[in-house]
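Chains as they are written, first to last, in our numbering: chain D, 1 to 223; chain X, 1001 to 1223; chain C, 2001 to 2225; chain L, 3001 to 3225.
Only one structure is covered here, and it is reproduced in the block below.
Next up, the structure:
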């Protein structure tokens, strides 16, 4: 049967997502937030989620809706601070001890996710050595560099935003949309992309930025 | 001064290469062998080299000329066997104990080079666990998987073949030419690419496969 | 007693490749399986040099030395293909994104250990290539090999004698006379050529085996060798 | 006694960015340095969200929310730019391919330790972003900060009080009154505003320092704040 990963709606793309899922959400600085899928996950209602997202509370991402809706148990991110002067919903929950937070340096965050998708269970990195974020972590000096042992992050669901998908799930991103998308797709059991447009014709091999091998479902959501 | 990484000849591209250098040579299965640069390195004459190349003796690569010329002390590769029925020059030297050889699974080979370029001093991988290629290596069970500790490979020089370079050193590869090129360029202090053609105009951002940040010199050698 | 030839072994393996999967085929007999997929199965063949979606071998006048597979064959691309670098290709392999890899083998043990990289050819250099990565990374590892060596020794063993490629990973073996699964209880023979008796199979196999509940004849259409 | 304003501090840092380098500028004052490069210096500004070759900020009518830098500013691309994913961007950073990173800071210690991520704002959540990666990965780390807190406390210290971003990595600090190198012997003041005396500097600095052999006045053209 000819491969076709297109699904009819963002809701349909959430089928099978369960309570307790580890969910990757791509996006950085306004580029690549999968806000249609995030809202579909909110409507789907899965609870006790662990969100793996660069920023717990970026103003241009709808991640905060999942948090405000009580669906999130824990956030793994490099940023947990809102720009607004007061407390974001996330920060209030954190202050009240009602949500867990793991703060990870952004590059280690990206590399741990890549490791999850690349079958590397753990790696040593000099980043964070000697800081509070390395507390409790194993350390080792390799070739004179002090390093911290970091473990892969794998998950159940990845939500990505891209520009175009073909029926094979091959993706092309616009500019800086790409950010965490490829790594997250590889690390998740179910990878879903919302795109501006889908097409029957295959994307030219040299234009594909993420192979459809890593993508399970795509949904066209317009610009 | 406007950045321009083009040099006039393959010989000029070898300037500064020293005896004892660790040299990456890209190429796989006939695609992406930097044969013009390999010959320039032979003519340059640097000795006591460690070659990091997928195949020590591929029939379509001129790597064997460096070996036959007595410039190579050690080879790190996933393949050290020629297709010819008898012994290749490399295999003869190996048999005679006149060259060192480190045999590495191809994926671990690629990942160790990437690690060298990505500032990851070491990583755990399940590959090769329980085999002769893991002998003497530290092992650890992570999340129930038996793993081997592997170390990054960094080097002095990388020789790549690509299709087009712009003056910034940005590269586009043809088809399967890409193979080990990007990882090797990132892991080497001096990265040189031979290309079919160079151009003044920048390659379009979405067509660049390897950023010129990683490339030091490019030389046009024709098809 | 002639068994299946190379194409017939590859054909049999191809029948078990599920629709919509991502498959890596090793050099030698395994790569022939791509010619024998049942109609209507849409499969991506991944080659470890980075080609995702290997198509048929290139015609002589279309051969492009920049478009090769892991066996250095000049190939074409299927619809929807793309090409990545070696790091990304092996990340895909090691990360469990290949549904099945079909590999040639010298020996397979009843605990799933197998040996396919170092046959101890005198003098020739070692060659491991991507075999260890594939064996550890793919979700399922199948082996294709002659049931016996040219000298008649069994290749299905209690323990491998040759240097291992990986431990406890092979799930199914296609030989020239049988299809054998590897389970927690050891070898389980699923199919056997009709003109080979179970006693003959026992004589040619180096470890105990049981017969599958749905044990049946190994049926393959005759194919040119 | 007014010191340099934000643009003037950024200008001074920009003078030290060498031709042909790859530079990452942190959020805040550092990113202003890109406006003040001396003529004729061809530099690639890398932004950790994957933009290699950030150009000037986008004009309002050209702003594209898919083309942003690490500070969420809508930007343009310079000639020769490309964009990579976050994994590749931080591989570039961690792997030593950034010649210089210029970062904002709260505190810098005379052994090169510095603190710039956790100012212990009551209640606000933590935010580390890419600071630790840049501090460890870039070949040279420079900090830009006011010489003193609003309350007048020194930010150049024997030991940081705030949570560290990285250990032993800062090489140079640009403050509103001085340019200070960090050497094996501790702080070395290279430049000082003409209307600040060395004694005044000592009073405003929380650790011993020496003067560079070529110690000179810190001269910056007046710029709008």
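Heads up, the beta-carbon is just placed ideally off N, CA and C, and yes, glycines get one too.
What you are looking at is a predicted structure, and each value in this text was computed from that prediction instead of being measured.
As assigned by DSSP and simplified to three states, the class of residue i
i	result
residue 2104/C	strand
residue 2209/C	strand
residue 2219/C	coil
residue 48/D	coil
residue 1171/X	strand
residue 141/D	strand
residue 3176/L	coil
residue 2133/C	helix
residue 1217/X	strand
residue 1064/X	helix
residue 1073/X	strand
residue 2158/C	coil
residue 212/D	helix
residue 2148/C	strand
residue 127/D	coil
residue 3201/L	helix
residue 3034/L	helix
residue 1190/X	strand
Contact set for residue i: own chain, Cβ-Cβ below 7 Å, skip 5 residues either direction
i	result
residue 30/D	60
residue 1188/X	1024, 1155, 1156, 1157, 1158
residue 89/D	64, 67, 68
6 Å Cβ shell around residue i - same chain, five flanking residues per side excluded
i	result
residue 2189/C	2178, 2180, 2209, 2211
residue 2162/C	2106, 2107, 2115
residue 3/D	168
residue 1116/X	1152, 1153, 1154, 1187
Proximity test, Cβ basis, 9 Å: residue i and chain L
i	result
residue 143/D	no
residue 91/D	yes
residue 28/D	yes
Chain-ordered neighbours of residue i on chain X, where CB pairs are closer than 9 Å
i	result
residue 3044/L	1003, 1168, 1211, 1212, 1213
residue 3077/L	1205
Cutoff 9 Å: residue i Cβ touching any chain D Cβ
i	result
residue 3172/L	no
residue 2053/C	yes
residue 3089/L	yes
residue 3150/L	no
residue 1151/X	yes
residue 2034/C	no
residue 3136/L	yes
Below-9 Å beta-carbon distance, residue i vs any chain X residue
i	result
residue 207/D	yes
residue 2062/C	no
residue 123/D	yes
residue 2039/C	no
residue 2072/C	yes
Residue-chain proximity (residue i, chain C), Cβ-Cβ < 9 Å
i	result
residue 114/D	yes
residue 188/D	no
residue 202/D	yes
residue 136/D	no
residue 1154/X	no
Close-in-space but distant-in-sequence residues of the same chain around residue i (CB under 8 Å, 5 per side omitted)
i	result
residue 2053/C	2044, 2045, 2046, 2077, 2078, 2079, 2080, 2081, 2082
residue 3182/L	3108, 3110, 3111, 3112, 3170, 3171, 3172, 3173, 3188
residue 3007/L	3032, 3035, 3036, 3223, 3224, 3225
Proximal chain C residues relative to residue i, where beta-carbon distance stays under 7 Å
i	result
residue 1179/X	2049, 2050, 2085, 2086
Where residue i meets chain L, residues with beta-carbon distance less than 7 Å
i	result
residue 174/D	3066
residue 1117/X	3091, 3095
Contact set between residue i and chain X, taken where Cβ atoms lie within less than 8 Å
i	result
residue 2012/C	What residue 2012/C touches in chain X: nothing, since even the nearest Cβ is about 28 Å away.
Partner residues on chain C for residue i, Cβ-Cβ distance less than 8 Å
i	result
residue 1050/X	None at all; the shortest Cβ gap to chain C is about 17 Å.
Under 8 Å from the C-beta of residue i: neighbouring residues of chain L
i	result
residue 95/D	3123
residue 21/D	None at all; the shortest Cβ gap to chain L is about 22 Å.
Contact set between residue i and chain D, taken where Cβ atoms lie within less than 8 Å
i	result
residue 1120/X	111, 123, 124, 125
Interface residues of chain E facing residue i [CB-CB closer than 8 Å]
i	result
residue 1078/X	Absent here is chain E; the protein component of the structure consists of chains D, X, C and L.
Neighbouring residues, chain X, relative to residue i (Cβ below 7 Å)
i	result
residue 103/D	Simply none; closest approach about 20 Å.
Partner residues on chain D for residue i, Cβ-Cβ distance less than 7 Å
i	result
residue 2092/C	213
Under 9 Å by beta carbon: chain D residues contacting residue i
i	result
residue 3163/L	131, 132, 133
Restricting to runs no shorter than 4 residues, where is the alpha helix (DSSP H) found entirely within the segment 83-108 of chain D?
Entirely contained in the segment 83-108 of chain D, the alpha helix (DSSP H) runs reaching 4 residues are, in chain order, 89-95.
What are the complete beta strand (DSSP E) segments, minimum 3 residues, inside the segment 2043-2120 of chain C?
Uninterrupted beta strand (DSSP E) stretches at least 3 residues long and entirely within the segment 2043-2120 of chain C occur at 2044-2047, 2051-2057, 2075-2083, 2100-2104, 2107-2109, given in chain order.
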